[in-house]
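Numbers given in this note's numbering equal positions in the sequence shown, counted from 1, plus 423. Structure, as structure tokens:
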Amino acid sequence: PEELEEERRLAYVAFTRAKQRLVLSFAAIRRIFGQQRVGIPSRFLTELPGEDIEWIGARSSSASRPTAPLEPSRDPTDSYVDYSEGSDLSDLEGLRRGVQVRHPKFGVGEVTEVMQGSPPRVSVHFPGWGTRKIIASYLEPA
424 PEELEEERRL AYVAFTRAKQ RLVLSFAAIR RIFGQQRVGI PSRFLTELPG EDIEWIGARS
484 SSASRPTAPL EPSRDPTDSY VDYSEGSDLS DLEGLRRGVQ VRHPKFGVGE VTEVMQGSPP
544 RVSVHFPGWG TRKIIASYLE PA
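Laid out in structure tokens, this is it:
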């Protein structure tokens, strides 16, 4: 809690140093030691006042503000997901239409369709991202 508040304070100081314009960015996907990793933007971006912010990027044509809650992380490597480990949802147990699931990039979404196969796939609607077809092992219970 104290460390999080210190991080928030430092982010605020950095943001307010801009004289006229502040541009923030992050790598949605990056390669580290030959492995592709999914990046997650700072948790503090969702705390910025919306009326003065223009969200742009490759995520969608509407370029809307991120809607998925970002969970605090003490370890920077927690921002990345190793898909080779799988998850609790790889066997489709508990997956059905209407169930809430979490994806490391898209956040929390609602299952709209479950497709058998190898690997099993799931259609999930994510607010701000639309409906995505995702391999079930990339998801975890919300």
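For glycine and all other residues, C-beta sits at the position ideal for the given N, C-alpha and C.
Between residue i and residue j, what straight-line distance do the alpha-carbon atoms span, to the nearest angstrom?
| i | j | result |
| --- | --- | --- |
| Pro424 | Pro464 | 19 Å |
| Pro564 | Glu536 | 15 Å |
| Leu389 | Val534 | The chain is shown from 424 up to 565; residue 389 falls before or after that span and cannot be answered. |
| Ile558 | Leu445 | 37 Å |
| Trp552 | Val531 | 11 Å |
| Arg453 | Ser546 | 25 Å |
| Lys442 | Arg520 | 49 Å |
| Phe456 | Tyr561 | 21 Å |
| Ser524 | Thr469 | Note on residue identity: the sequence assigns Val, not Ser, to residue 524. The straight-line gap from Cα to Cα measures roughly 20 Å. |
| Glu430 | Leu471 | 14 Å |
| Tyr506 | Gly473 | Residue placement at Tyr506 is flagged as unreliable, the pLDDT there being 39, under the threshold of 50; the coordinate-derived value follows with that caveat. About 33 Å. |
Which residues in the same chain have their Cβ closer than 6 Å to the Cβ of residue i, if we skip the five residues on either side of it in sequence?
| i | result |
| --- | --- |
| Lys528 | Val461 |
From which residue to which residue does the alpha helix (DSSP H) around residue i run?
| i | result |
| --- | --- |
| Arg431 | 425–439 |
Determine which residues share a DSSP beta bridge with residue i and list them.
| i | result |
| --- | --- |
| Ile452 | Val461 |
| Gln523 | Glu533 |
| Glu563 | Arg525 |
Where do the ends of the beta strand (DSSP E) carrying residue i lie?
| i | result |
| --- | --- |
| Arg555 | 553–558 |
| Ser546 | 544–549 |
Excluding five sequence neighbours on each side, which residues of the same chain lie with their C-beta closer than 8 Å to the C-beta of residue i?
| i | result |
| --- | --- |
| Thr554 | Thr535, Ser546, Val547, His548 |
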